[in-house]
Amino acid sequence: MNVSGTNNAAIIIGAFGTGSAPYLSGDLNYQSLLNLGDSQYIEIEDLHFSNSGSFGSLKHKYGINIAPSSGIGERKHLWVSRCEFSNIEGYPQPPNSNDSDDYHTSIGIRMLNPDNDSVKSKWSDVRVSECVFRNIDGIGFWIKDQSCTLVDYKDSGTSYFPSTGVVFENNYGTNCYRNLCRVNGTEGALIQYNVHDGTTEGSAFWPFNTKDTLVQYNLFMNLYRDFADAYVCHFDYNCEDTIMQYNVGYKVQGGLVEIICASQYNGTFQTGAIARYNLGVDVGFRDKENSAGILLSGNVDGALVYNNTIITGVEDSYKSISFANFGGQGYPENSSIYNNIFYNIGSAYLDHNALQVGLDGFAGNFRGNELSHNLIFGNSYRPFNAWNGDAVDSNAIYMNPRFLNTTADFEVLRGFKPSWSEIVEYVGSRFKINYLSPAKTAGISVTSNGGRDGFSNVVSSSVSPSVGFHEYATDAYVDSDSDLIPDEWEASYGLNPMLASDAALDSDADGRTSLEEFALSGNPIDPADSGYAVRYTIHSENGAVVVDQLLPQSDRLQEYGLQIGTYASTNLVNWEPVGSITIGTDLDFYNSGVHRITNELVINQDWSSGYFKMSVE
Numbered sequence: 003m004n005v006s007g008t009n010n011a012a013i014i015i016g017a018f019g020t021g022s023a024p025y026l027s028g029d030l031n032y033q034s035l036l037n038l039g040d041s042q043y044i045e046i047e048d049l050h051f052s053n054s055g056s057f058g059s060l061k062h063k064y065g066i067n068i069a070p071s072s073g074i075g076e077r078k079h080l081w082v083s084r085c086e087f088s089n090i091e092g093y094p095q096p097p098n099s100n101d102s103d104d105y106h107t108s109i110g111i112r113m114l115n116p117d118n119d120s121v122k123s124k125w126s127d128v129r130v131s132e133c134v135f136r137n138i139d140g141i142g143f144w145i146k147d148q149s150c151t152l153v154d155y156k157d158s159g160t161s162y163f164p165s166t167g168v169v170f171e172n173n174y175g176t177n178c179y180r181n182l183c184r185v186n187g188t189e190g191a192l193i194q195y196n197v198h199d200g201t202t203e204g205s206a207f208w209p210f211n212t213k214d215t216l217v218q219y220n221l222f223m224n225l226y227r228d229f230a231d232a233y234v235c236h237f238d239y240n241c242e243d244t245i246m247q248y249n250v251g252y253k254v255q256g257g258l259v260e261i262i263c264a265s266q267y268n269g270t271f272q273t274g275a276i277a278r279y280n281l282g283v284d285v286g287f288r289d290k291e292n293s294a295g296i297l298l299s300g301n302v303d304g305a306l307v308y309n310n311t312i313i314t315g316v317e318d319s320y321k322s323i324s325f326a327n328f329g330g331q332g333y334p335e336n337s338s339i340y341n342n343i344f345y346n347i348g349s350a351y352l353d354h355n356a357l358q359v360g361l362d363g364f365a366g367n368f369r370g371n372e373l374s375h376n377l378i379f380g381n382s383y384r385p386f387n388a389w390n391g392d393a394v395d396s397n398a399i400y401m402n403p404r405f406l407n408t409t410a411d412f413e414v415l416r417g418f419k420p421s422w423s424e425i426v427e428y429v430g431s432r433f434k435i436n437y438l439s440p441a442k443t444a445g446i447s448v449t450s451n452g453g454r455d456g457f458s459n460v461v462s463s464s465v466s467p468s469v470g471f472h473e474y475a476t477d478a479y480v481d482s483d484s485d486l487i488p489d490e491w492e493a494s495y496g497l498n499p500m501l502a503s504d505a506a507l508d509s510d511a512d513g514r515t516s517l518e519e520f521a522l523s524g525n526p527i528d529p530a531d532s533g534y535a536v537r538y539t540i541h542s543e544n545g546a547v548v549v550d551q552l553l554p555q556s557d558r559l560q561e562y563g564l565q566i567g568t569y570a571s572t573n574l575v576n577w578e579p580v581g582s583i584t585i586g587t588d589l590d591f592y593n594s595g596v597h598r599i600t601n602e603l604v605i606n607q608d609w610s611s612g613y614f615k616m617s618v619e
């Protein structure tokens with residue numbers, strides 16, 4: 003159908019009332035559930051699409067199909083929100099030997115305009131958010147703008163008319179055969195806060211023929227393809243100025259970063275790609291030349307790959323960095339790889355060197371590539387040497403990066419869409435570097451570095467950063483010894499950030515431990531400053547003894563996940579927790595952000611005497 007709202011009144015296609023989302027199920031031989039053609043100013047929300055035809059006559063099936071006619075110009079405002087797409091599939095294989103077309107290319111949301119450069123067409127303001135893509139025999143969302151694209155403009159001199167305002171965010175995908183999302187012919191597409199678990203043949207996301215794509219804050223898990231691709235950060239070719247940052251990958255067969263250009267074809271390009279502050283755990287375990295922690299292949303120009311962390315444990319390790327040829331003797335040029343960590347805690351490197359380079363041998367190469375300040379360590383690791391044995395990173399670090407904890411299987415983040423804060427909490431408790439890490443302030447400064455790491459810690463453009471995806475120097479929350487006190491605070495008072503027992507010390511003999519002083523804003527080496535006091539008042543009310551606790555409640559406690567527990571005893575030996583009822587709050591009573599909470603303690607009225615204490619937990 004071709005229906006359109008207006009700029010001030012979009013047509014809404016969605017659920018009415020409450021309850022489960024209306025379920026739209028396709029016929030075996032019906033290709034699309036919803037065809038929108040030339041439509042614009044449309045919002046689709048709170049619906050469930052299912053279109054299975056595994057025994058029908060159609061190879062490709064779609065949930066929503068948006069395929070406008072030629073010459074429509076610009077189509078605006080197409081939003082899909084809070085919808086589920088499940089079991090979108092055609093028949094699973096070619097029915098006869100004469101059918102060589104690709105299969106496994108059914109699509110949840112398909113947007114395809116005509117390949118016609120004489121009559122321009124594009125989309126703007128396309129948004130897919132909070133949707134679920136489950137069991138898609140192909141691709142979750144694919145926008146393919148073929149009219150007056152970047153390639154057409156550069157190679158054929160057409161006008162440039164890309165689709166703009168494309169946003170794909172807060173979506174969850176599982177078991178999409180090829181990809182969760184693809185964008186073609188776009189400028190400024192934003193892909194963020196998505197979670198995908200499971201591909202059979204491909205990366206979760208990749209752009210093609212695009213400019214200024216930004217991919218950030220995504221978690222991609224269990225991505226496979228036995229002969230190519232399947233990367234966390236997949237930069238496909240004919241793209242300019244793509245940035246992929248703050249992404250996390252687990253069990254990804256190809257690797258963490260793939261920046262490629264099909265150099266066997268004339269006119270192909272890949273320029274200005276940036277991959278920074280990404281984490282890959284058990285990535286790069288395909289025993290192929292095109293699998294590595296970081297892969298640059300073909301005539302890639304000006305790529306910048308820095309401050310990423312790659313950890314391998316359960317899966318096999320083959321190589322850390324690969325500069326490869328994509329055909330036509332095209333190799334990466336003017337590309338830099340800085341400040342990355344490669345750490346292997348599993349089986350030995352099985353094949354290749356840590357660095358596989360092209361025929362130029364890399365060392366002293368004429369292509370303008372540079373490696374510097376990368377860290378590699380672990381079981382049977384290889385140095386950053388070219389095939390001829392020459393060292394190619396004169397500032398390499400061959401020391402244990404000292405992560406907090408390298409044990410992780412990501413199971414607690416599977417089966418649902420975790421929030422980004424849940425993902426950050428999980429990886430932060432494991433893959434931050436600790437107080438003794440040689441990666442601290444050991445990197446080379448990178449200008450225009452985005453200003454922050456994946457934990458939102460500030461990254462300076464002038465001071466040497468940490469190596470890897472975690473900026474230790476400005477992280478106020480790292481707790482290397484797990485004693486509930488951050489390293490920064492311990493070090494500032496001369497405590498040992500690697501010694502958990504000093505949290506229980508009372509160095510200044512003021513009756514408070516170091517942990518209590520931290521929680522209550524005291525000074526652990528000044529007996530005159532023990533921080534905010536916890537007080538108790540006792541009075542009688544209707545013949546009952548009432549004990550009120552006057553408790554400081556600071557933003558610091560909430561910020562660091564601490565709480566104050568209350569305990570009672572009749573003999574100062576045996577203590578038991580005491581419940582309480584909050585009866586009053588005085589905001590900013592002690593200071594800005596430090597409130598006074600009045601709790602009435604629940605006590606045993608049969609006690610002849612009682613003692614109370616607090617504990618920071």
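Quick note: to get my numbering, add 2 to the position in the sequence shown (first position is 1).
C-beta atoms are modelled at their ideal positions from N, C-alpha and C, and glycine is treated no differently.
{"Item": "Span separating the alpha-carbon of ASN67 from that of LEU80", "Value": "12 Å"}
{"Item": "Through-space distance from ILE339 to VAL394, alpha-carbon basis", "Value": "11 Å"}
{"Item": "Status (buried if at least 16 other CB within 10 Å, exposed otherwise) for GLN560", "Value": "exposed"}
{"Item": "Cβ pair GLU291, SER337 closer than 9 Å", "Value": "no"}
{"Item": "C-alpha gap between GLY330 and VAL121, whole angstroms", "Value": "34 Å"}
{"Item": "Backbone CA spacing between TYR267 and ASN240 [nearest angstrom]", "Value": "11 Å"}
{"Item": "Between the CA atoms of PHE210 and TYR155 - distance to the nearest angstrom", "Value": "15 Å"}
{"Item": "ALA277 versus ASN451, PHE328, LEU152 and ILE378, residue with shortest Cα-Cα distance", "Value": "ASN451"}
{"Item": "Length of the line joining the Cα atoms of GLU413 and TRP422", "Value": "16 Å"}
{"Item": "Beta-carbon proximity of HIS652 to GLU86, cut-off 9 Å", "Value": "This structure leaves residue 652 out entirely; the chain is present only between 3 and 619."}
{"Item": "Backbone secondary structure at VAL82 - three-state DSSP", "Value": "strand"}
{"Item": "Collapsed DSSP secondary structure at ASP40 in the structure displayed", "Value": "coil"}
{"Item": "Bridge partner(s) assigned by DSSP for PHE135", "Value": "PHE87 and GLY175"}
{"Item": "Three-state class that DSSP yields for SER382 in the structure shown", "Value": "coil"}
{"Item": "Sub-9 Å separation of GLY257 and ALA294 beta-carbons", "Value": "yes"}
{"Item": "Check whether GLY286 and TYR320 have beta carbons under 9 Å apart", "Value": "yes"}
{"Item": "At least three beta-carbon pairs within less than 8 Å, the segment 225–245 to the segment 197–216", "Value": "yes"}
{"Item": "Beta carbon of PHE457 nearer than 9 Å to that of ASP477", "Value": "yes"}
{"Item": "Cβ neighbour criterion (16 or more within 10 Å) applied to THR244", "Value": "buried"}
{"Item": "Start and end residues, alpha helix (DSSP H) containing PHE412", "Value": "Here PHE412 belongs to no alpha helix (DSSP H), and DSSP marks it neither H nor E."}
{"Item": "PHE237 (DSSP reduced to helix, strand or coil)", "Value": "strand"}
{"Item": "Where PHE57 falls, given that 16 or more other Cβ within 10 Å makes a residue buried", "Value": "exposed"}
{"Item": "The segment 529–546 contacting the segment 569–580, beta-carbon criterion three pairs below 8 Å", "Value": "no"}
{"Item": "Distance between PRO554 and ALA535 (C-alpha atoms, nearest Å)", "Value": "7 Å"}
{"Item": "Where the alpha helix (DSSP H) containing GLU519 begins and where it ends", "Value": "516–521"}
{"Item": "GLU473 classed as buried or exposed, judged by whether at least 16 other C-beta atoms fall within 10 angstroms", "Value": "buried"}
{"Item": "Endpoints, the alpha helix (DSSP H) within which ASP489 is located", "Value": "489–494"}
{"Item": "Closest Cα partner of ASN376 within the set PHE418, ASN309 and ASN249", "Value": "ASN309"}
{"Item": "Extent of the continuous beta strand (DSSP E) run through GLY65", "Value": "64–68"}
{"Item": "Own chain, CB closer than 7 Å to GLY453, minus 5 neighbours either side, in chain order", "Value": "VAL460 and VAL461"}
{"Item": "Residue of ASP531, LEU574 and GLN551 minimising C-alpha distance to GLY567", "Value": "GLN551"}
{"Item": "Own chain, CB closer than 7 Å to ASP483, minus 5 neighbours either side, in chain order", "Value": "PRO499, MET500, LEU501 and ALA502"}
{"Item": "Status (buried if at least 16 other CB within 10 Å, exposed otherwise) for TYR279", "Value": "buried"}
{"Item": "Range covered by the alpha helix (DSSP H) that runs through VAL426", "Value": "422–433"}
{"Item": "CA nearest to the CA of ARG404, picked from ASP411, GLY380 and ALA305", "Value": "GLY380"}
{"Item": "CB contact flag (GLY140, ILE111, <9 Å)", "Value": "no"}
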